[in-house]
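Trainee: I have a structure I would like to understand better, so I am pasting it below and will then ask my questions one at a time.
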Ligand code: OOG
Ligand code: MG
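In this note's numbering, the protein residues as written are 861 to 1114.
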């Protein structure tokens, strides 16, 4: 019988120690529900250590990301306060295995989401929109995984930084997004690469949260998923993400 606790411990320790592990799928046949169960247990380990859940992220919401990683289904993971870095803040490279950065859009929840959302009522449940950088860091060797592997690994979540919150009527449809490393634009894309409309991510995050008993409440953050492929980071880099009309956000890898 598969011991989910053991698998969760393996992934949690890999993240804590920044040492990669073999893909679970090489030795275990997990289905997607089991993979989410492993994710829940590994996150419970973090909550027991004192980390607080601050929201959810979606992954593989753009073709660019699906193609880069060879995984083609939307996935979701949990964000904690430990993962959040202040805008302009520093992340020590040594805390990660092989970190990558990607430009994202973030939503801030304004009230408990207790019903499924539609594109028409979604704005009633948020009070801010911002540009963000997500740092992902697969706990698997060579950043290689199956869908079940990456789900069990909390969707590679490692760190994130949110730009200044903007009013909810700020246009985020069809806006240019880019990622700049040490002054050089390394990725550029468009916000509508995210499910054809980034608000679809909000609707989907609300649906997945409700389906899985994860309550999204006032102040929680939703990361919509990257609009472009992710870029490997190195020491001594300044990373900036820009979304037209939303401003910019940055972090420093030390
Ligand atoms: C999985 C996480 C995907 C996104 O924005 O699509 C993700 C990965 O690529 O390692 O965060
Ligand atoms: Mg992401």
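Beta carbons: idealized from backbone N, C-alpha and C, even for Gly. Please read all numbers here as calculations on a predicted model, not as lab measurements.
#1: Within the structure, which residues are defined as neighbours of ligand 2 by a Cβ-heavy atom distance below 7 Å, reported in chain order?
#2: So what's residue 1061 in DSSP terms, helix, strand or just coil?
#3: Which whole runs of the beta strand (DSSP E) in the segment 1020 to 1061 are 3 residues long or more, in chain order?
#4: Let me check understanding here. Comparing Cα to Cα, which of 940, 960, 976, 1026 lies closest to residue 1108?
#5: May I ask which residues mark the beginning and end of the alpha helix (DSSP H) holding residue 870?
#6: Can you give, in chain order, each stretch of the beta strand (DSSP E) that sits fully within the segment 917 to 979 and has at least 3 residues?
#7: So is the beta-carbon of residue 1048 under 7 Å away from any non-hydrogen atom of ligand 1?
#8: Going by the beta-carbon positions, is the gap between residue 965 and residue 1032 smaller than 8 Å?
#9: If residue 1039 and residue 991 are in contact, beta carbons under 8 Å, what's the gap, nearest whole angstrom?
#10: Between 1111, 1004, 1068, which has its C-alpha nearest residue 1095's C-alpha?
#11: Which term fits residue 1037, buried or exposed, when burial requires 16 or more other beta carbons within 10 angstroms of its beta carbon?
#12: What does the Cβ neighbour count give for residue 952, buried or exposed, with the cut at 16 atoms within 10 Å?
#13: Flag residue 1016 as yes when its Cβ comes closer than 7 Å to any non-hydrogen atom of ligand 1, and as no otherwise.
#14: Is the distance from the Cβ of residue 1075 to the Cβ of residue 972 below 8 Å?
#15: For ligand 1, any of its heavy atoms closer than 7 Å to the Cβ of residue 991?
#16: Assuming residue 1080 and residue 914 form a contact by the criterion Cβ under 8 Å, report the distance between their Cβ atoms to the nearest whole angstrom.
#17: Ends of the alpha helix (DSSP H) at residue 1082?
#18: Does DSSP classify residue 1007 as helix, strand or coil?
#19: Give the range of the alpha helix (DSSP H) segment to which residue 893 is assigned.
#20: So is the beta-carbon of residue 969 under 7 Å away from any non-hydrogen atom of ligand 1?
#21: Rounding to the nearest angstrom, what Cα-Cα distance links residue 873 and residue 887 in this structure?
#22: Residues in the same chain with beta-carbon distance under 6 Å from residue 1022, minus the five sequence neighbours each way, listed in chain order, please.
#23: Determine the DSSP secondary structure at residue 992, reduced to helix, strand or coil.
#24: Beta-carbon within less than 7 Å of residue 1014's beta-carbon, same chain only, minus the 5 sequence neighbours each way: which residues are those?
#25: Per DSSP, what kind of secondary structure is residue 1101 in: helix, strand or coil?
#26: Report yes if the C-beta of residue 1065 is less than 7 Å from at least one heavy atom of ligand 1; otherwise report no.
#27: Which partner residues of residue 986 appear in the DSSP bridge assignment?
Mentor: In this structure, then:
#1: 917, 919, 962, 964, 994, 996, 1083, 1085, 1086
#2: Mapped onto the chain shown, residue 1061 falls at position 201. DSSP, read as helix, strand or coil, puts residue 1061 in helix.
#3: 1036 to 1041, 1044 to 1050
#4: Numbered from 1 along the chain shown, position 248 holds the residue referred to as residue 1108. Selected option, being the one with the closest Cα: 1026.
#5: Position 10 of the chain shown, counting from 1, holds the residue named residue 870. Bounds of the alpha helix (DSSP H) holding residue 870 are 864 to 877.
#6: List check, beta strand (DSSP E) in window: 935 to 940, 960 to 969.
#7: As a first step, residue 1048 is located in the chain shown; it is residue number 188 there, counting from the start. The answer is no for residue 1048.
#8: For the purposes of this step, residue 965 is taken as the residue at position 105 of the chain shown. For the purposes of this step, residue 1032 is taken as the residue at position 172 of the chain shown. Taking 8 Å as the Cβ cut-off, residue 965 and residue 1032 qualify as a contacting pair.
#9: To locate residue 1039, count along the chain shown from 1; it is residue 179. To locate residue 991, count along the chain shown from 1; it is residue 131. The pair is not a contact, with the Cβ atoms about 10 Å apart (cut-off 8 Å).
#10: Residue numbering aside, residue 1095 sits at position 235 when the chain shown is read from its first letter. Out of 1111, 1004, 1068, 1111 has the C-alpha closest to the C-alpha of residue 1095.
#11: For this step, residue 1037 is matched to residue 177 along the chain shown. Residue 1037 is classed as buried because its beta carbon has at least 16 other beta carbons within 10 Å across all chains shown.
#12: Within the chain shown, the letter at position 92 stands for residue 952. It is exposed - the Cβ of residue 952 has fewer than 16 other Cβ atoms within 10 Å.
#13: Counting from one through the chain shown, the residue named residue 1016 turns up at place 156. Correct: residue 1016 has its Cβ closer than 7 Å to ligand 1.
#14: Working through the chain shown from its first residue, we reach residue 1075 at position 215. Working through the chain shown from its first residue, we reach residue 972 at position 112. Yes, the pair counts as a contact, with Cβ atoms nearer than the cut-off.
#15: Locating residue 991 in the chain shown gives position 131, where the first residue counts as 1. Residue 991 Cβ: outside cutoff for every heavy atom of ligand 1.
#16: Your numbering for residue 1080 matches position 220 in the chain shown. Your numbering for residue 914 matches position 54 in the chain shown. The pair is a contact, with the Cβ atoms about 6 Å apart (cut-off 8 Å).
#17: Translated into the one-based positions of the chain shown, residue 1082 becomes position 222. No alpha helix (DSSP H) contains residue 1082, which is instead part of the beta strand (DSSP E) from 1081 to 1083.
#18: As a first step, residue 1007 must be located in the chain shown, where it is residue number 147. Helix at residue 1007.
#19: Against the chain shown, residue 893 aligns to sequence position 33. Per DSSP, residue 893 belongs to the alpha helix (DSSP H) from 892 to 909.
#20: Within the chain shown, residue 969 is the residue found at index 109, counting from 1. Not under cutoff, so the answer is no.
#21: The count along the chain shown starts at 1 and reaches residue 873 at position 13. The count along the chain shown starts at 1 and reaches residue 887 at position 27. Distance between the alpha carbons of residue 873 and residue 887: 18 Å.
#22: Taking the first residue of the chain shown as position 1, residue 1022 is located at position 162. Around residue 1022: 966, 990, 992.
#23: As a first step, residue 992 must be located in the chain shown, where it is residue number 132. In this structure, residue 992 counts as strand in the three-state DSSP scheme.
#24: Indexing the chain shown from 1 puts residue 1014 at position 154. Cβ within range, chain order: 899, 902, 903, 937, 938.
#25: By one-based count along the chain shown, residue 1101 stands at place 241. Looking at residue 1101 - three-state DSSP - the assignment turns out to be strand.
#26: Taking the chain shown and counting its residues from 1, one reaches residue 1065 at position 205. The answer is no for residue 1065.
#27: For the purposes of this step, residue 986 is identified with residue 126 of the chain shown, where counting begins at 1. According to DSSP, which records beta bridges pairwise, residue 986 is partnered with 969.
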